Each structure stands twice: as structure tokens, then as C-alpha cells.
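Student: First the structure, which I've put down as C-alpha cells, then a few questions once you've had a look.
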Amino acid sequence: MIRRGGWTANTASGRLHGSRMFTPSRAQTTTEFIPLPAILSRLYDFLYGVCGLSVLHFRRFDLSVQLDYANTSQLNARNFSAGVDLPPLPREPSHGDLKAALGVLGTYSEEFFDPNTRRLVSAAKDFAEELSDYEPWSSSEVKTHASWFSNIFAAYRRSCEHDLDHGSATRLDVRSRFSMQDPELSGLLLKMSRQRMRMQLPSSASVDAGRSNVQATGLPTRSVRGNPKEAPKRQVPTEVGLATPRQGGKQLCLRFISARGCPSASVDRCTHSFLGHFVPTTKLDPVVMAHVQDKLGGLRPDLQHL
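Residue numbering for the sequence shown is 1 to 306, as defined by UniProt numbering.
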């Protein structure tokens with residue numbers, strides 16, 4: 001990392017200065033987060049990823065967090081030893097928590113980091129907003145996203161150290177990873193999608209019980225898996241949705257461009273308000289094309305060029 005005054009020689013970190021983030025919390029109603037030594041010491045060296053620091057450590061100091069801190073005795077704001085433990089991460093974070101944490105980090109970065117690092121954090125915040133278009137995300141998925149963001153910050157630190165030794169500028173390329181085409185993110189999304197599909201499949205015991213009931217009564221048992229309206233379902237796998245073209249704030253309706261067609265009675269509007277009917281100006285991502293071919297009968301005859 002770089003401090004505002006220039007490179008540091010012994011670490012890849014920026015020297016802490018300024019006052020915006022460090023007004024005592026009891027005298028400041030807009031404190032962004034509690035500057036625990038365990039967090040700040042690692043943030044100084046940008047020790048993300050396997051080094052322990054997570055973007056979720058930057059919880060906004062709202063009322064719920066104040067109550068959490070008031071009810072615990074495990075956090076020490078006076079222990080400045082190198083081995084002090086980091087505070088625990090939220091057990092069930094939401095995507096909103098992730099965005100808020102990146103917002104807090106963004107405020108911090110504007111105070112203490114150099115322009116390149118500020119642009120990195122800003123790119124992370126923007127991409128978190130982009131992921132909002134594909135909600136809902138479960139807590140486990142949010143934890144996976146947070147780990148991915150933290151890994152990219154760790155990669156940035158390593159690039160800074162490399163640049164210090166070799167006089168290069170590889171750190172400038174790291175923020176391009178905040179993209180739906182990032183290989184690590186694509187792999188994580190695919191894994192999460194498969195886990196979600198396995199969770200949605202009925203257990204073998206339920207299937208056997210249903211078959212037994214049909215044989216005995218001639219009638220199938222009623223599903224006890226709950227009201228489907230209680231939790232919205234994604235119409236396409238996450239990795240497909242992330243790679244699908246967007247226009248005017250809406251995601252392309254893949255049925256519209258497929259041989260199967262969209263059931264909407266309108267040529268201009270889809271039955272789903274968040275989907276749009278339009279013809280992409282660029283070729284489809286391979287993962288989107290594969291989904292259209294496998295699930296929707298391929299492209300319409302007039303759109304074979306996609």
C-alpha cells in the first residue's frame with residue numbers, strides 16, 4: 001500500500017493520520033466503526049485474507065453493534081500487543097452488512113490511503129452495489145463474497161510489495177478483478193449454485209415416503225417444504241444471471257431471445273419487472289449461451305449471431 005506522502009520502505013502500508021475516524025465514540029454520534037487495535041494494526045499493513053482481516057470487520061457502529069459491544073467482554077480497546085485477537089465476525093451477515101462495511105472502509109480510505117488504494121476500495125464498493133441486483137443472498141453466500149473481497153485486498157498488498165521490490169506497477173491491475181468475469185468469483189458462484197440446488201432437492205427419505213403414500217392411497221402427499229412465496233427463487237443460476245447483459249437497469253429476459261419465447265403478452269415488457277426485452281449489442285457470455293441452449297431450446301432464428 002501507499003501512504004499519502006509516498007511509499008513506505010519497510011511495509012506496504014500507509015501511516016495513520018487525520019482525525020475523522022478517531023473521534024472518541026462516546027463523544028461522537030457519527031462514529032464509523034470502533035478503532036480496535038487488533039483491526040487497526042492489521043489494516044496498517046493491509047493484512048487481509050489469510051492474514052486474518054476481513055472486510056466484515058468494519059461493521060458500521062450503529063445501535064445494534066453498540067449493543068453487541070456493550071454485552072461482550074471479549075473485546076479489548078487497550079491491548080496493543082501484536083498477538084491480540086481480532087473480534088468475531090457477524091454470525092449471519094446480510095448483503096446490506098457487507099455494503100455498509102465496505103462503505104466504512106471507503107470512508108477510512110479517503111482519509112488515510114493513497115489515490116490508487118482509494119480507487120481499489122471504491123471499485124469494491126461499486127461491485128458490491130452491482131451484486132445487490134441479484135439479491136437475495138443468504139448469510140453463507142455473503143460470507144463467501146466477503147472472503148473474496150478480502151482475498152482481492154490481500155492480492156493488492158502482495159502486488160504492492162512486488163512493486164516496491166521491482167519498481168513495477170502491477171498493483172494498478174488488481175482492481176480490475178472486481179468483475180463478474182473474475183475466475184475466482186466465477187468458481188465460487190458455481191459452487192454456491194450447486195450447493196443451493198442440492199439443498200432444494202427432496203431427500204431420499206421424503207421421496208420414499210411419498211411413493212409409499214401413493215401406492216397405499218393412490219394420492220400423492222402434499223409437500224411440506226413450505227410456501228414458495230416465503231422465499232423468492234432465482235430463475236437462472238447465479239453465475240448465469242451475473243453474466244447476463246443489462247440495459248436501463250434491467251437484466252435481459254433470456255426467454256425473450258430464446259426459441260421458447262417469453263410468455264409475456266407484450267413485446268416490450270417481460271412478466272417480471274426486473275427483466276427487460278432488448279437485443280444485446282455484443283455476443284453473449286459462454287455461460288449464458290450454454291444456459292439458453294440447454295434450458296431454453298437455443299436462440300431465436302433471427303438472433304443466431306449472438
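Cβ atoms here follow ideal geometry from the backbone N, Cα and C, with glycine treated the same way. Every value quoted in this text rests on a predicted model; they were computed, and no experiment measured them.
Assuming Gly276 contacts Gly297 under a Cβ cut-off of 8 Å, what Cβ separation, rounded to an integer in Å, is found between them?
Tutor: At roughly 20 Å, the Cβ-Cβ gap does not stay under 8 Å, so Gly276 and Gly297 are not in contact.
Student: So Leu242 and Tyr134 are supposed to be a Cβ contact under 8 Å. How far apart are they, rounded?
Tutor: Yes, Leu242 and Tyr134 are in contact; Cβ-Cβ is about 6 Å, under 8 Å.
Student: Taking only the alpha-carbon atoms, compute the straight-line gap between Lys191 and Glu239 and give it to the nearest angstrom.
Tutor: One C-alpha to the other measures close to 10 Å.
Student: Helix, strand or coil: which one does DSSP assign to Phe113?
Tutor: In this structure, Phe113 counts as strand in the three-state DSSP scheme.
Student: For Val55, which residues from the same chain have a beta carbon less than 8 Å from its beta carbon, with the 5 sequence-adjacent residues on both sides left out?
Tutor: Here the set comprises Tyr48, Leu98, Ala101, Leu102, Leu105, Ala124, Ala146, Phe149, Ser150, Phe153.
Student: So, is Lys143 buried or exposed, given that buried needs 16 or more other C-beta atoms within 10 angstroms?
Tutor: Lys143 should be labelled buried.
Student: Can you tell me where the beta strand (DSSP E) holding Leu252 begins and where it ends?
Tutor: Segment 250 to 252, the beta strand (DSSP E) holding Leu252.
Student: Roughly how far, in whole angstroms, is the beta-carbon of Ala38 from the beta-carbon of Leu86, given that I think they are within contact range, below 8 Å?
Tutor: With a Cβ gap of about 5 Å, Ala38 and Leu86 count as contacting.
Student: If you draw a straight line from the alpha carbon of Val287 to that of Ala265, how long is it in whole angstroms?
Tutor: Spanning the two alpha carbons is a distance of roughly 28 Å.
Student: Can you give me the C-alpha to C-alpha distance between Gly83 and Ser186, rounded to a whole angstrom?
Tutor: If you take the alpha carbons of Gly83 and Ser186, they lie about 35 Å apart.
Student: Can you round the beta-carbon distance between Pro245 and Pro301 to whole angstroms, since I take them to be within the 8 Å contact cut?
Tutor: Between Pro301 and Pro245 the Cβ distance is about 20 Å, and since that is not below 8 Å, they are no contact.
Student: Please state whether DSSP places Gln247 in a helix, a strand or coil.
Tutor: In the structure shown, Gln247 sits in a strand (DSSP, three-state: E or B).
Student: With 16 as the cutoff for other CB atoms within 10 Å, does Cys51 come out buried or exposed?
Tutor: Answer is exposed; the Cβ neighbour count stays below 16.
Student: Looking only at its own chain, which residues have a Cβ that is under 8 Å from the Cβ of His291, when we skip the five neighbours before and after it?
Tutor: The residues are Val236, Pro237, Val240, Leu254.
Student: Please report how far the alpha carbon of Phe256 lies from the alpha carbon of Asp285, in whole angstroms.
Tutor: Approximately 16 Å between the Cα atoms of the pair.
Student: Which of the three DSSP states, helix, strand or coil, is assigned to Arg198?
Tutor: DSSP places Arg198 in helix when its eight states are reduced to three.
Student: Throw me the rounded Cβ distance for the Asp163 and Ala169 pair, which I believe falls under 8 Å.
Tutor: Confirmed, Cβ separation roughly 6 Å.
Student: What would DSSP say about Ser258, mapped onto helix, strand or coil?
Tutor: Strand, per DSSP.
Student: Can you give the Cα-Cα distance for Cys262 and Phe274, rounded to whole angstroms?
Tutor: Rounded to the nearest angstrom, the two C-alpha atoms are 14 Å apart.
Student: Give me whichever residues DSSP pairs with Gly276 in a beta bridge.
Tutor: Paired residues: Leu252, Arg269.
Student: What is the C-beta distance between Ser159 and Arg171, in whole angstroms, given that I count them as a contact (C-beta under 8 Å)?
Tutor: Right, their Cβ atoms sit about 4 Å apart.
Student: Under a three-way DSSP split, which group does Leu296 fall into?
Tutor: DSSP places Leu296 in coil when its eight states are reduced to three.
Student: Can you round the beta-carbon distance between Ser109 and Val121 to whole angstroms, since I take them to be within the 8 Å contact cut?
Tutor: The pair is a contact, with the Cβ atoms about 4 Å apart (cut-off 8 Å).
Student: Can you check which of these residues, Ser193, Arg157, Glu141, is closest to Glu92 by C-alpha distance?
Tutor: Cα-wise, what sits closest to Glu92 is Glu141.
Student: Can you find the residues in the same chain that come closer than 7 Å, C-beta to C-beta, to Gln293, ignoring five residues on each side of it along the sequence?
Tutor: Closer than 7 Å at Cβ, skipping near neighbours: no residue.
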